[in-house]
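In our numbering, the protein residues as written are 19 to 316. Glycine residues also receive a C-beta, built at the ideal position from the N, C-alpha and C atoms. Just below is one structure, and these are the notes that go with it.
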Amino acid sequence: ISHRLDEIFEVADRVMVLRDGINVGEEDPKCSSRDGLIEKMVGRILESEFPKNNVIPGKERLRVENMSAGTKVCNVSFNLREKEIVGFAGLVGAGRTELMRLIFGIDKPDSGRIFLNGVEIKISNPRDAIRNRICLLAEDRKKHGLVLNHSCRENFGLPNLKKYIRFLFLDKKKERNAFDSYVNILKIKISDHEAMVSSLSGGNQQKIVLAKWIESNSDIIIFDEPTRGIDVGAKYEIYLLINQLANEGKSIIIVSSELPELLGMCNRIIVMHEGYFKGEVNETTTITQEDILKIAIS
Numbered sequence: 019i020s021h022r023l024d025e026i027f028e029v030a031d032r033v034m035v036l037r038d039g040i041n042v043g044e045e046d047p048k049c050s051s052r053d054g055l056i057e058k059m060v061g062r063i064l065e066s067e068f069p070k071n072n073v074i075p076g077k078e079r080l081r082v083e084n085m086s087a088g089t090k091v092c093n094v095s096f097n098l099r100e101k102e103i104v105g106f107a108g109l110v111g112a113g114r115t116e117l118m119r120l121i122f123g124i125d126k127p128d129s130g131r132i133f134l135n136g137v138e139i140k141i142s143n144p145r146d147a148i149r150n151r152i153c154l155l156a157e158d159r160k161k162h163g164l165v166l167n168h169s170c171r172e173n174f175g176l177p178n179l180k181k182y183i184r185f186l187f188l189d190k191k192k193e194r195n196a197f198d199s200y201v202n203i204l205k206i207k208i209s210d211h212e213a214m215v216s217s218l219s220g221g222n223q224q225k226i227v228l229a230k231w232i233e234s235n236s237d238i239i240i241f242d243e244p245t246r247g248i249d250v251g252a253k254y255e256i257y258l259l260i261n262q263l264a265n266e267g268k269s270i271i272i273v274s275s276e277l278p279e280l281l282g283m284c285n286r287i288i289v290m291h292e293g294y295f296k297g298e299v300n301e302t303t304t305i306t307q308e309d310i311l312k313i314a315i316s
């Protein structure tokens with residue numbers, strides 16, 4: 019059972035495709051195409067697996083200088099512009115997630131500076147990051163992005179409680195109305211606002227995490243493995259949402275182990291290896307996965 023189509027074509031003798039609990043067809047991988055399987059999985063033809071965003075980035079919004087933390091992150095510098103989608107590539111242990119945790123204030127750096135719109139800021143904890151309109155969709159959404167034994171509405175409201183507090187009391191109606199708008203916009207499939215978030219599929223859990231951060235009005239959105247454990251149809255919806263956020267002026271960082279995802283979605287790709295900045299790719303339409311790996315291990 020797998021969402022990874024490449025390994026299905028490599029190891030399977032026969033493929034059964036399920037959609038919404040129904041067997042929609044069986045295929046011989048030797049006689050099938052990737053696009054054909056995707057069409058069966060999502061129930062429609064996708065023009066492209068990765069909807070590339072062609073918006074021209076604006077002025078610099080974030081600049082990180084000489085960020086270091088032990089041997090995990092070593093003197094890394096980069097910048098991020100308005101409307102830009104920047105990817106971070108690298109092998110396991112490259113330091114990508116550790117760098118994002120430093121930017122979001124979860125971990126303390128040994129050295130480094132962060133500039134927002136040209137002004138140096140201090141981020142000592144996640145509250146400081148949120149105050150500066152920076153958010154992080156964590157790699158492990160179940161462990162770090164959601165409170166599984168709470169409702170969908172409660173998870174949505176957690177970083178936004180100040181908006182819904184009135185005279186020291188939570189205005190649940192206001193919170194519910196705000197959440198309801200995101201249920202419709204993001205097409206979140208839930209039976210009820212009070213349903214436990216643990217009961218949702220991976221794709222819908224990710225949409226809950228995304229909804230709460232959009233509501234917080236973040237300008238810089240960091241996606242760490244945004245489509246891990248999500249089926250192809252839900253992945254495509256997440257990609258469209260990322261493009262929409264960029265079109266609205268948000269600045270996006272995508273950390274991903276899936277190189278086709280980075281090549282298909284990002285304006286630039288920064289390559290890391292064992293905590294170090296190893297190189298940057300500014301033209302993602304002509305470079306290959308092999309080229310990125312060569313940069314990582316050179």
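Handout entry: Supposed close pair S169, V215 - CB separation, criterion 8 Å
Key = Position 151 of the sequence shown holds residue 169. Position 197 of the sequence shown holds residue 215. S169 to V215, Cβ: 7 Å. Contact.
Exercise for the section: Go ahead and label R213 buried or exposed: buried means 16 or more other beta carbons lie within 10 angstroms of its beta carbon, across all protein chains shown. Expected result: Within the sequence shown, the letter at position 195 stands for residue 213. The displayed chain sequence assigns Ala, not Arg, to residue 213. It counts as exposed.
Exercise for the section: Within its chain, find whatever has a CB closer than 6 Å to the CB of H21; leave out the 5 residues flanking it on each side and keep chain order. Expected result: Translated into positions along the sequence shown, residue 21 becomes position 3. Around H21: D249.
Exercise for the section: Give the secondary structure of I141 by DSSP, where H, G and I count as helix, E and B as strand, and everything else as coil. Expected result: For the purposes of this step, residue 141 is taken as the residue at position 123 of the sequence shown. In the structure shown, I141 sits in coil (DSSP, three-state: anything other than H, G, I, E or B).
Problem - Cβ-Cβ distance between I287 and L281 below 9 Å - result: Within the sequence shown, residue 287 is the residue found at index 269, counting from 1. Within the sequence shown, residue 281 is the residue found at index 263, counting from 1. Yes, the Cβ-Cβ distance between I287 and L281 is below 9 Å.
Practice task
Tell me F122's beta-bridge partners as DSSP assigns them.
Solution key: Translated into the one-based positions of the sequence shown, residue 122 becomes position 104. Answer is none; F122 lacks a bridge partner.
Problem - Residues near S234 in its chain [Cβ-Cβ closer than 7 Å; skip 5 each side] - result: Translated into the one-based positions of the sequence shown, residue 234 becomes position 216. The answer, listed in chain order, is I148, C153, P177 and N178.
Exercise for the section: Measure how close the beta-carbons of V33 and E45 come, nearest whole angstrom, since I'm counting them as under 8 Å. Expected result: Counted from its first residue, the sequence shown places residue 33 at position 15. Counted from its first residue, the sequence shown places residue 45 at position 27. Between E45 and V33 the Cβ distance is about 5 Å, and since that is below 8 Å, they are a contact.
Handout entry: Unbroken stretches of the alpha helix (DSSP H), 4 residues or longer, contained in the stretch 162-192
Key = 170-175 and 179-182
Handout entry: Rounded straight-line distance, which links the Cα of S217 to that of F187
Key = Here residue 187 refers to the residue found at position 169 of the sequence shown. Here residue 217 refers to the residue found at position 199 of the sequence shown. So the two alpha carbons sit approximately 28 Å from each other.
Practice task
Please report how far the alpha carbon of G175 lies from the alpha carbon of A30, in whole angstroms.
Solution key: As a first step, residue 175 must be located in the sequence shown, where it is residue number 157. As a first step, residue 30 must be located in the sequence shown, where it is residue number 12. Each residue's alpha carbon lies about 43 Å from the other.
Practice task
May I ask you to verify whether the stretch 84-98 touches the stretch 126-140, counting CB pairs closer than 8 Å and requiring at least 3?
Solution key: yes
Problem - Nearest to I305 (by Cα), restricted to the options C284, G293, S209 and E172 - result: Here residue 305 refers to the residue found at position 287 of the sequence shown. Cα-wise, what sits closest to I305 is C284.
Practice task
Express the C-alpha separation of K225 and K160 in angstroms, rounding to a whole number.
Solution key: As a first step, residue 160 is located in the sequence shown; it is residue number 142 there, counting from the start. As a first step, residue 225 is located in the sequence shown; it is residue number 207 there, counting from the start. Distance between the alpha carbons of K160 and K225: 13 Å.
Exercise for the section: Determine which residues share a DSSP beta bridge with I240 and list them. Expected result: Position 222 of the sequence shown, counted from the start, is the residue given in the question as residue 240. I240 is bridged to L154 and I271.
Problem - S129 - partner residues in DSSP beta bridges - result: The sequence position of residue 129 within the sequence shown is 111, counting from 1. Per DSSP, S86.
Handout entry: Between the CA atoms of T302 and L277 - distance to the nearest angstrom
Key = Walking along the sequence shown from the start, residue 277 turns up at place 259. Walking along the sequence shown from the start, residue 302 turns up at place 284. Computed Cα separation, rounded: 11 Å.
Problem - Whether K101 touches N265 by CB criterion (9 Å) - result: Residue numbering aside, residue 101 sits at position 83 when the sequence shown is read from its first letter. Residue numbering aside, residue 265 sits at position 247 when the sequence shown is read from its first letter. Cβ atoms of K101 and N265: closer than 9 Å.
Exercise for the section: Would you kindly check if the distance between the Cβ of I240 and the Cβ of V273 is under 9 Å? Expected result: In the sequence shown, the residue the question calls residue 273 occupies position 255. In the sequence shown, the residue the question calls residue 240 occupies position 222. In this structure, I240 lies closer than 9 Å to V273 by Cβ.
Handout entry: Check whether V73 and R37 have beta carbons under 9 Å apart
Key = For the purposes of this step, residue 73 is taken as residue 55 along the sequence shown, with counting starting at 1. For the purposes of this step, residue 37 is taken as residue 19 along the sequence shown, with counting starting at 1. Contact flag unset, no.
Exercise for the section: Starting from the N-terminal side, write out each stretch of the beta strand (DSSP E) that is 3 residues or longer and does not extend beyond the stretch 24-65. Expected result: 33-37 and 40-45
Handout entry: Test item: CB-CB of G111 and E292 under 9 Å
Key = Indexing the sequence shown from 1 puts residue 111 at position 93. Indexing the sequence shown from 1 puts residue 292 at position 274. Yes, the pair counts as a contact, with Cβ atoms nearer than the cut-off.
Handout entry: Rounded straight-line distance, which links the Cα of G297 to that of I208
Key = Here residue 208 refers to the residue found at position 190 when the sequence shown is read from its first residue. Here residue 297 refers to the residue found at position 279 when the sequence shown is read from its first residue. Rounded to whole angstroms, I208 to G297 spans 42 Å at the Cα level.
Problem - Backbone CA spacing between P69 and Y254 [nearest angstrom] - result: On the sequence shown, position 51 is the one that residue 69 refers to. On the sequence shown, position 236 is the one that residue 254 refers to. So the alpha carbons of these two residues sit roughly 8 Å apart.
Problem - Close Cβ partners of E157 (< 8 Å) along its chain, the five nearest in sequence each way excluded - result: Counting from one through the sequence shown, the residue named residue 157 turns up at place 139. Around E157: T115, D242, E243, R246 and V273.
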